[in-house]
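Undergrad: Mind having a look at this structure? Questions to follow.
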Amino acid sequence: MSKVGSTRHKHLKTLGLILIVAAAFILSLYESLQPVYVVSAVILLVLTALFLVLFDMVYAKYIESKELSKDIQAVVNIYAAVYRINIKTNHARLLRNIKKFDPLMEGGMTDYRGPLQELVRMFASEQSRDTLLNFLDKGSYEERLKEGHSLSHEFLDRHGRWIRVQLIEVDRDESGKLVHVIWAFESIDEDRKQRENLKLMAETDAMTGIRNRNSGEARIKEEMKSGSKGMFILVDADHFKAINDNFGHDVGDKVIIAIAGCMKRTFRDTDVVFRLGGDEFAAFAPSVEKEEIGRRIINRLYDNINMIDIPEMNGRKISISVGATFYPISKFDNFDLLYQRADKGMYESKKKEGNALSFNMQN
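Structure, rendered in structure tokens:
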């Protein structure tokens, strides 16, 4: 509240109180005054009281409006682009636009609904358009804003940058219906990419660049929870200790990196490939449910392994042992049982020499 407004409010209240006191004084002289004066005093008293009540109501509305304007301005100052939307008239008014990324709505519009489709098409990436349109659809504002006064949505713009849009309730009419909302856009590209990089670092094996054990196992459990069926394998490098002893740990590291590369080339992008630790790896291939197809995939892995050529090993070939199984084999199946079956299969493969494969379907 401004000092001028506050002073004016106090003066008007003081004047009202003086009039009430004057009217009360006149009434106290009721017996010595003519009736016309008494009636006038009563009317003056009633009118003054009504005036003060109405003034307080109007002034309260004025203060509320001023505070709301301050809140809106605070929001406007934070975001790169802000629009005030009138739900009833569909008018969109531009409040702020730093980066000028949407000239289509520059200066506001009398009806934003038609250009909204074009705005989203011009501004959002193809994969983000439908979800952004749904988020900005005013038909569901009432329902979605029941639990709070704001909502947010993150999407990719056409340049591959991450943007967050906030939907903020501004005011409602006497019946409680929304009148105005704000669309507030801000760039979160740097923050989002930093979060994604940190997540990737936490999920990635530093040496090989594929998933680490925690990430791989968690992803397989997600696949299981969603009802995926598939093949699970464990892979172990043969005679890896001898490689380290004879050629050194640097060469051993090259072997691990090379096997990881073969795993990536053999399996699909949608498959889960990860390093368990040391010279052990694992993979889960959703939708691979037949042994014949599984053997074909493993044979392709063997072919890739045979192509590994590490100069320091003087032509010595690398081989692996593989244990494989399928999920699920019963309604009680889980990741631990799956792992145990594949581990038993790999144990059997270790008894053989060179690129051996054993399927195990028994718990």
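Letter by letter, the sequence shown follows residues 2 to 364 of this note's numbering. Ideal Cβ placement from N, Cα and C applies to all residues, glycine included.
1) Between which two residues does the alpha helix (DSSP H) carrying Gln-385 extend?
2) Could you check whether Met-362 and Ile-330 sit closer than 8 Å to each other, using their CB atoms as the reference points?
3) Mind listing, in chain order, the continuous alpha helix (DSSP H) runs of no fewer than 4 residues lying wholly within the segment 288 to 361?
4) Straight-line CA distance for Gly-161 to Met-123?
5) Measure from the alpha carbon of Phe-360 to the alpha carbon of each residue in Gly-346, Ala-243, Asp-251 and Pro-312, then state which is nearest.
6) Starting from Ser-216 and walking both ways along the alpha helix (DSSP H), at which residues does that stretch end?
7) Does Ile-244 come out as helix, strand or coil in the three-state DSSP assignment?
8) Return the first residue and the last residue of the alpha helix (DSSP H) that Arg-193 is part of.
9) Can you give me the Cβ contacts of Leu-339 inside the same chain, cut-off strictly under 7 Å, excluding the 5 residues immediately before and after it?
10) Judging by CA-CA distance, which residue of Asn-215, Ile-164 and Lys-194 is the nearest neighbour of Ala-203?
11) Take Gly-217 and list the residues in its own chain whose beta-carbon comes closer than 7 Å to its own, dropping the five residues that flank it on each side.
12) Below 8 Å, how does it come out for the segment 191 to 201 and the segment 252 to 259: are there three or more Cβ pairs, yes or no?
13) Give the secondary structure of Gly-177 by DSSP, where H, G and I count as helix, E and B as strand, and everything else as coil.
14) Pick out whichever of Phe-336, Asp-280 and Val-236 has its Cα sitting closest to the Cα of Val-323.
15) Determine the direct distance from the alpha carbon of Ala-357 to that of Lys-351, and round the result to whole angstroms.
16) Are there 16 or more other CB atoms within 10 angstroms of the CB of Thr-267, so buried, or fewer, so exposed?
17) Measuring alpha carbon to alpha carbon, tell me which residue in Arg-220, Lys-265 and Met-208 is nearest Leu-302.
18) Please classify Glu-354 as buried or exposed, where buried requires at least 16 neighbouring CB atoms within 10 angstroms.
19) Identify whether Gln-118 lies in helix, strand or coil by the three-state DSSP scheme.
20) With a threshold of 16 other CB atoms inside 10 Å of the CB of Phe-333, please say whether the residue is buried or exposed.
21) Which whole-angstrom value is the C-beta distance of Ile-164 and Ser-141, which I expect to be below 8 Å?
22) Could you tell me if Leu-51 is buried or exposed, where buried requires 16 or more neighbouring beta carbons within 10 angstroms of its beta carbon?
23) Just the Cα atoms here: how many angstroms apart are Arg-145 and Ser-153?
24) Between the C-alpha atoms of Pro-104 and Arg-85, what's the straight-line distance to the nearest angstrom?
25) Buried or exposed, going by whether 16 or more other CB atoms sit within 10 Å of the CB of Glu-107?
26) Could you spell out the range, first to last residue, of the beta strand (DSSP E) harbouring Gly-231?
27) Would you mind reading off the limits of the beta strand (DSSP E) that contains Arg-85?
TA: The relevant details are as follows:
1) The structure shown does not extend to residue 385, since the chain is modelled only from 2 to 364, so the question has no answer here.
2) yes
3) 292 to 307 and 336 to 351
4) 13 Å
5) Gly-346
6) 214 to 226
7) helix
8) 190 to 204
9) Phe-233, Thr-326 and Tyr-328
10) Asn-215
11) Val-273, Phe-275 and Ala-283
12) no
13) coil
14) Val-236
15) 7 Å
16) buried
17) Lys-265
18) exposed
19) helix
20) exposed
21) At roughly 20 Å, the Cβ-Cβ gap does not stay under 8 Å, so Ile-164 and Ser-141 are not in contact.
22) exposed
23) 11 Å
24) Per-residue confidence for Pro-104 stands at a pLDDT of 45, beneath the threshold of 50, marking its modelled position as unreliable; no derived number is given.
25) Annotation note: pLDDT 47 at Glu-107 (below 50); position unreliable, no value reported.
26) 231 to 238
27) 82 to 87
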